[in-house]
Amino acid sequence: MENRRREHKKKFERPVGTKRPEKTFLILCEGTKTEPNYFRSFHVISAQVEIVGTAMNTMSLVNYAREVVDTRPDEYDEIWLVFDKDSFDRDIFNEAVFFCETHYRQGFRAAYSNEAFEIWYLLHFELIKKSISRFHYPDMLSKRLGFFYKKNHPHMYNVLLSRQPAAIQNAKTLYSQRSPSPARDNPSTTVFMLVEELNKHLRK
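The sequence shown begins at 0 in numbering that gives the first Met the number 0 and counts up one residue at a time.
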């Protein structure tokens, strides 16, 4: 674990003497491939975006983010935590979400998905309101994509880009119907919030 922390710390370091960009994002992903692959596909030019797949979950991810901020204060304007509900305890999942919401002024943001990140992909095709197990997501995506969906697909951003406005609207619709407990809101995702922020800094 300590070696992993040292490795991640190196990724956060900006070369001495370089100018600070207009805006800085730190995106800490629970997963090591699916989410990082997706967000690295954004062609951001007017901001600095650092993306790390941590292999940590919920509150472990929160605690790690807090350590990064304590170590490098004022380095990042926004620190996004990308994590899923999966089968984790409801209270722990909610605690991670509520931490980001109550520390908004410190730059913390939550891009969570209930149950998993692939619900964001599915929302590119339709508004899904019925509670669905994440284990059904791959088959559902395969039918809609027209090819076999395999987790960690490296080009999902480009495959889905033309449908992104619909996904944002569908995710917003679900979010508008949220309950006081994010862990109970299946399906739901706030990935659209991070997507909208990154879109502000894309190559035109």
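Using N, Cα and C, we set each Cβ at its ideal position, and we do this for glycine too. On a predicted model such as this, the values are computed, not experimentally measured, just so you know.
For residue i, does the count of other Cβ atoms within 10 angstroms reach 16, so buried, or fall short, so exposed?
i: residue 129; result: exposed
i: residue 146; result: exposed
i: residue 44; result: exposed
i: residue 152; result: buried
i: residue 35; result: buried
i: residue 199; result: exposed
Looking at residue i: is its Cβ nearer than 8 Å to the Cβ of residue j?
i: residue 109; j: residue 80; result: yes
i: residue 61; j: residue 112; result: no
i: residue 89; j: residue 124; result: no
i: residue 70; j: residue 52; result: no
i: residue 148; j: residue 137; result: yes
i: residue 144; j: residue 117; result: no
i: residue 185; j: residue 40; result: no
i: residue 42; j: residue 201; result: yes
i: residue 92; j: residue 182; result: yes
i: residue 46; j: residue 74; result: no
Short of 6 Å in beta carbon distance, which residues of its chain neighbour residue i, apart from the five on each side in sequence? Order them along the chain.
i: residue 77; result: 24, 106, 108
i: residue 87; result: 57
i: residue 122; result: 166, 169, 170
i: residue 26; result: 38, 50, 79
i: residue 28; result: 34, 35, 52, 81
Quick one: what's got a C-beta closer than 8 Å to residue i's C-beta in the same chain, skipping five residues either side?
i: residue 192; result: 108, 110
i: residue 85; result: 56, 114, 115, 133
i: residue 65; result: none
i: residue 160; result: none
Using a Cβ-Cβ cutoff of less than 7 Å, which residues in the same chain neighbour residue i once the five nearest sequence positions on both sides are dropped?
i: residue 174; result: 187, 189
i: residue 126; result: 169, 172
i: residue 97; result: none
i: residue 94; result: 58
Should residue i be counted as a contact of the ligand MN given a C-beta to heavy atom distance under 7 Å?
i: residue 81; result: The ligand content of the structure shown is nil, which means the ligand MN is not present either.
*Within the region 121-173, ranges of the alpha helix (DSSP H) (whole runs, at least 4 residues)*: Counting only runs of 4 or more, we get 136-144, 155-159.
*Could you pull out every unbroken beta strand (DSSP E) segment of at least 3 residues lying fully inside the region 55-115, listed in chain order?*
Runs found: 77-83, 107-113.
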